[in-house]
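**Student:** Chains as they are written, first to last, in this note's numbering: chain Y, 207 to 432; chain A, 207 to 432.
Number of protein chains: 2
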Amino acid sequence: MHRTKVKVVADALDANNTIARANREDFDRHGVAVVNLMSAPGAGKTRLLERALASLDGVRAGVLEGDVAGSFDADRLSLLHIPVVQLNTGAGFGGECHLDANMVRSAIPSLPLADLDLLVIENVGNLVCPAEFRVGEDARVMVSSVTEGEDKPLKYPLMFRACELVIVNKIDLLEHLDFDMEKFDYHLDGVHPGVPRMLVSARTGEGIDEVRDWLVALTTRAGAPA
Amino acid sequence: MHRTKVKVVADALDANNTIARANREDFDRHGVAVVNLMSAPGAGKTRLLERALASLDGVRAGVLEGDVAGSFDADRLSLLHIPVVQLNTGAGFGGECHLDANMVRSAIPSLPLADLDLLVIENVGNLVCPAEFRVGEDARVMVSSVTEGEDKPLKYPLMFRACELVIVNKIDLLEHLDFDMEKFDYHLDGVHPGVPRMLVSARTGEGIDEVRDWLVALTTRAGAPA
């Protein structure tokens, strides 16, 4: 029975990866760099995007917004006057807790890829399943808020491993918390040694320049349009 | 295809409910009141338990601790000198993102039910899937931290509906946040009108008495031991 279960899972991930490659080809054809942005609920992904995407001089950005229900974040980001497409996962099994390659694929016809240099896919707030599904992105970025505590890399190791950048958010609150940054770094290095990390406050804007520069650099690494 | 998928889901939840009823019978036989405690990662479930369970005079409490990986929280709660059993979900599909009735069932032989009045099942930190699986509990309690923002009921409606009590945690940080409690209440009443809510700070202890009294009252409602 155990062997059968493993096989089914492998097939599901194989199918996901096949579709992720098709997404990747579409993104490459248009020279769009794609970020899969992940975090726990309320870690500040949307506010981070409000800050970072407002100042991306010359880079044409768009957002694919994943939520179980509602379009609250998409409405907020629309104020930036950039293309924002909402993807709701609520039609699945009581609400899917992550985006997968096929959900992203279903949104591609709604995305103006020819007019974009950067697409940020804001995943469903969840530290478990989003890490398991590639969607055709160039880079996976996770946001960890200091209010969540320094033990999170230990408790959600796959998420902290399955990313190319960790953004530590809400550092404006550090003086009011017991959060120990050295312990966080120690736990993070335990599961993902040396992964790049940036300390930011999406609320005050501290550290946002570094995030913006990283996003701009990613677009210059992505292929030129065909 | 769509019909087939719905059928599979219904069967999976039916199986879960069948096992949840078996758990319920075991809990009833021993007169144990059971709470399913749910929240996003880092909302403060463990610190809340450290506070609330330390002062439960006369009520014999135990904890079943659900995590993808590690035993960090179980180690913390063991300091209360109460029975704590760790359940790791990491053996599943890259780590199961929730507890279900069968996982809880597998832990029952390790739990000293005959010596307990109250069992708190600390679910995996996640605002989506834990809400879909009953585990045989008397009550579902969710913790929502004010650092997560006031929009969470809109974005994770099933979770805020599938509980009998909402504990709003980290209120000691309110003065440092933009969190609007009226908006939170408005959104919460939109998805779950009139659900009881308590404002607490597990860090300072504010409001913990009310949580403790609620837990004690739950044990007196649970059946007497056979």
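From the three backbone atoms N, C-alpha and C, an ideal C-beta is built for every residue, glycine too.
Here the structure is a predicted model, which means the values were calculated and not measured.
To the nearest whole angstrom, what separates the beta carbons of R257 of chain A and A408 of chain A, a pair I think is in contact under 8 Å?
**Tutor:** 5 Å
**Student:** By Cβ distance, which residues of its chain are closer than 7 Å to A228 of chain Y, with the 5 residues on each side in sequence left out?
**Tutor:** R311
**Student:** From what residue to what residue does the alpha helix (DSSP H) around S277 of chain Y run?
**Tutor:** Per DSSP, S277 of chain Y belongs to no alpha helix (DSSP H) and is neither H nor E.
**Student:** Buried or exposed: G301 of chain Y, going by 16 or more other Cβ atoms within 10 Å of its Cβ?
**Tutor:** buried
**Student:** Report yes or no: is there a C-beta of chain Y within less than 9 Å of the C-beta of D391 of chain A?
**Tutor:** no
**Student:** Straight-line CA distance for V352 of chain Y to V269 of chain A?
**Tutor:** 26 Å
**Student:** In this structure, how does DSSP classify L286 of chain Y when only helix, strand and coil are distinguished?
**Tutor:** coil
**Student:** With a threshold of 7 Å on Cβ separation, who are the neighbours of N329 of chain Y within its own chain once the five nearest residues in sequence on each side are excluded?
**Tutor:** N242, L243, M244, G272, H304, L305 and P336
**Student:** Whether or not the segment 337-357 of chain A and the segment 282-290 of chain A are in contact is what I'm after, with contact meaning three or more pairs of Cβ atoms, one per stretch, closer than 8 Å; do they touch?
**Tutor:** no
**Student:** Could you tell me the alpha carbon to alpha carbon distance between D415 of chain A and L360 of chain A, rounded to whole angstroms?
**Tutor:** 29 Å
**Student:** Out of curiosity, what's the CA-to-CA distance linking L324 of chain A and R266 of chain Y?
**Tutor:** 56 Å
**Student:** What is the DSSP secondary structure of R340 of chain A, reduced to helix, strand or coil?
**Tutor:** coil
**Student:** Name the residue from Y:R427, Y:D378 and Y:D391 whose alpha carbon lies nearest to the alpha carbon of T410 of chain Y.
**Tutor:** Y:D378
**Student:** If distances are taken between C-alpha atoms only, which option among Y:P399, Y:V372, Y:G264 and Y:N223 comes closest to V417 of chain Y?
**Tutor:** With respect to the C-alpha of V417 of chain Y, the residue from Y:P399, Y:V372, Y:G264 and Y:N223 having the closest C-alpha is Y:V372.
**Student:** Are the beta-carbon atoms belonging to G250 of chain A and N375 of chain A less than 9 Å from one another?
**Tutor:** yes
**Student:** Can you give the beta carbon distance from Y362 of chain A to V334 of chain A, rounded, assuming they're within the 8 Å contact cut?
**Tutor:** 6 Å
**Student:** Taking 9 Å as the threshold (beta carbon to beta carbon), is P363 of chain A in contact with chain Y?
**Tutor:** yes
**Student:** Note the first and the last residue of the continuous alpha helix (DSSP H) segment covering S407 of chain A.
**Tutor:** From DSSP, S407 of chain A is part of no alpha helix (DSSP H); its letter is neither H nor E.
**Student:** Please identify, using Cβ separations under 8 Å, the residues of the segment 340-354 of chain Y that lie next to chain A, in order along the chain.
**Tutor:** S351, T353 and E354
**Student:** Since F278 of chain A meets chain B, which of its residues come closer than 9 Å, beta carbon to beta carbon?
**Tutor:** Annotation note: the requested chain B is absent from the structure, which comprises protein chains Y and A.
**Student:** Quick check on DSSP: helix, strand or coil for R346 of chain Y?
**Tutor:** strand
**Student:** Is there a C-beta anywhere in chain A that falls below 9 Å from the one on V374 of chain Y?
**Tutor:** no
**Student:** Taking C-alpha atoms, which residue in Y:F385, Y:G248 and Y:L383 lies nearest to M349 of chain Y?
**Tutor:** Per the sequence shown, the amino acid found at residue 349 of chain Y is Val instead of Met. V349 of chain Y has its Cα closest to that of Y:G248, out of Y:F385, Y:G248 and Y:L383.
**Student:** Could one say the Cβ of L379 of chain Y lies closer than 9 Å to chain A's Cβ atoms, at least one of them?
**Tutor:** yes
**Student:** Need the endpoints of the alpha helix (DSSP H) that E356 of chain Y sits in, please.
**Tutor:** Run containing E356 of chain Y: none; DSSP gives neither H nor E here.
**Student:** By the criterion of Cβ-Cβ separation under 8 Å, what are the contact partners of V274 of chain A in chain Y?
**Tutor:** Near V274 of chain A (Cβ distances below 8 Å), the residues of chain Y are V334, K361, Y362, P363 and L364.
**Student:** Suppose contacts are defined by Cβ-Cβ distances below 9 Å. Is N308 of chain A in contact with A221 of chain A by that definition?
**Tutor:** yes
**Student:** Does DSSP classify L317 of chain Y as helix, strand or coil?
**Tutor:** coil
**Student:** Look at the alpha carbon of V238 of chain A and the alpha carbon of L319 of chain A, and state the distance between them as a whole number of angstroms.
**Tutor:** 7 Å
**Student:** Taking 9 Å as the CB-CB cut-off, is V326 of chain Y touching chain A?
**Tutor:** No, its Cβ sits nowhere closer than 9 Å to a Cβ of chain A.
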